[in-house]
């Protein structure tokens with residue numbers, strides 16, 4: 001797909017985590033009292049030896065933000081995150097995302113992800129508006145999302161628009177992309193995701209205010225986890241490494 005930039009090479013191992021077994025044939029020697037014809041035979045008795053659990057790579061899709069407007073994959077934030085995922089032994093795919101101006105754009109992105117993942121378990125990671133997409137895409141059963149991490153992504157778009165109504169941040173979004181009510185609804189309200197979801201908020205972030213966003217997150221994602229870092233908007237995974245490690249632990 002032209003919308004994809006894959007940052008790792010080699011064969012994709014789509015299995016998630018499983019215990020591997022090896023079939024071993026133990027050879028039983030004949031007894032001293034065996035008949036002559038039995039003495040020439042040995043019986044192979046298969047036994048099962050359980051090996052150590054093996055971690056196989058998880059495919060993780062990484063999203064930029066850009067205030068819900070069209071966003072390119074070649075961004076320092078997403079590139080750094082992708083390299084960190086690869087260093088952990090996972091596989092990273094940076095996604096170009098279209099302007100989120102309608103449900104069609106949202107579901108089109110979901111189809112692109114599904115085409116690559118083929119329904120196998122995946123992870124999602126996004127920054128700002130890309131974090132919002134990671135959280136909401138995790139609720140689509142067909143994507144089979146194991147875990148999703150949002151760095152300073154508004155967990156509820158309707159709440160965010162209401163909080164910032166008329167200010168500079170509000171205009172920065174609404175002049176970038178024409179948000180229709182359908183996409184606002186998709187990116188708002190309680191989620192029935194079964195994925196492990198995380199949001200990390202900056203305590204000095206004036207764009208995605210930690211206190212207001214935490215309340216929205218706990219209401220919409222009651223089983224999710226929130227992290228805080230002592231910084232502002234637009235930072236990378238290094239601002240809150242604990243949140244990133246939590247994602248890795250649940251892939």
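Residue numbers (this note's numbering): 1 to 251. Glycine included, every Cβ here is placed at the ideal spot set by N, Cα and C. From a predicted model like this one, the values you see are computed outputs, not experimental measurements.
{"Asked": "Closest to residue 210 by C-alpha separation, out of 232, 103, 197, would be which residue?", "Found": "232"}
{"Asked": "Here's the rule: buried if 16 or more other CB atoms are within 10 angstroms of the residue's CB, otherwise exposed. What is residue 243?", "Found": "buried"}
{"Asked": "Of the choices 171, 111, 175, whose alpha-carbon is the least far from that of residue 142?", "Found": "111"}
{"Asked": "Leaving out five residues before and five after residue 227 in sequence, what residues of the same chain have Cβ atoms less than 7 Å from its Cβ?", "Found": "198, 200, 240, 242, 243"}
{"Asked": "Specify the secondary structure class of residue 211 as computed by DSSP and reduced to three states.", "Found": "helix"}
{"Asked": "For residue 199, which three-state DSSP category applies?", "Found": "strand"}
{"Asked": "Mind checking which residues open and close the beta strand (DSSP E) that includes residue 259?", "Found": "Since the first residue of the chain shown is 1 and the last is 251, residue 259 is not available in this structure."}
{"Asked": "Tell me the DSSP bridge mates of residue 71?", "Found": "97"}
{"Asked": "What is the DSSP secondary structure of residue 194, counted as helix, strand or coil?", "Found": "coil"}
{"Asked": "Might you give, ordered along the chain, the residues of its own chain that have their beta carbon closer than 8 Å to the beta carbon of residue 230, omitting 5 neighbours on each side?", "Found": "202, 203, 204"}
{"Asked": "Hey, how far is the Cα of residue 196 from the Cα of residue 219?", "Found": "15 Å"}
{"Asked": "Cβ of residue 252 within 9 Å of Cβ of residue 116?", "Found": "In the structure as shown, the chain starts at 1 and stops at 251, and residue 252 therefore has no counterpart that could be examined."}
{"Asked": "Rounded to a whole number of angstroms, what is the C-alpha to C-alpha distance between residue 208 and residue 247?", "Found": "21 Å"}
{"Asked": "With distances taken Cα to Cα, identify the nearest neighbour of residue 66 among 217, 78, 60.", "Found": "78"}
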